[in-house]
Amino acid sequence: IEVRGEPVTRGYTTVAGFIGAQDDRGWYDTGDIGYLTETGDVVVCGRLKDVIIMAGRNIYPTDIERAASRVDGVRPGCAVAVRLDAGR
44 IEVRGEPVTR GYTTVAGFIG AQDDRGWYDT GDIGYLTETG DVVVCGRLKD
94 VIIMAGRNIY PTDIERAASR VDGVRPGCAV AVRLDAGR
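With my numbering applied, the sequence shown covers 44 to 131.
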């Protein structure tokens, strides 16, 4: 899924400097996989790169989900990252 428009970020400022996020035509690649329905709705199917980066470490949600599913009494679910306290 790619998006463009006024509210879409142009990039990110890091310690190393500015990193552009759009291509030369202004499109931003969200990293999501999806499609448009006949009525124009966007259906998100998943991520191209399904990884959570936390404190410089790659964490794969599927690993968390698989481990949780092996615990008796844990209902099926999914793992997601939620930013709390300004990213800490």
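From the three backbone atoms N, C-alpha and C, an ideal C-beta is built for every residue, glycine too.
Between the C-alpha atoms of residue i and residue j, what's the straight-line distance to the nearest angstrom?
i           : j           : result
residue 64  : residue 49  : 14 Å
residue 53  : residue 124 : 23 Å
residue 95  : residue 101 : 6 Å
residue 62  : residue 120 : 34 Å
residue 128 : residue 110 : 27 Å
residue 74  : residue 55  : 16 Å
Smallest Cα separation from residue i: which of the options?
i           : options             : result
residue 104 : 97, 90 and 122      : 122
residue 68  : 127, 51, 84 and 110 : 51
Quick one: residues in its chain with C-beta nearer than 6 Å to the C-beta of residue i, no 5 flanking neighbours on either side, listed in chain order?
i          : result
residue 88 : 76 and 77
Check whether the Cβ of residue i lies closer than 8 Å to any Cβ atom in chain C.
i          : result
residue 83 : No chain C is present in this structure, which holds just one protein chain.
For residue i, which residues of its own chain have a beta-carbon under 8 Å away from its beta-carbon, when the five flanking residues on both sides are left out?
i           : result
residue 70  : 45, 46 and 47
residue 85  : 44, 77, 78 and 79
residue 112 : 119
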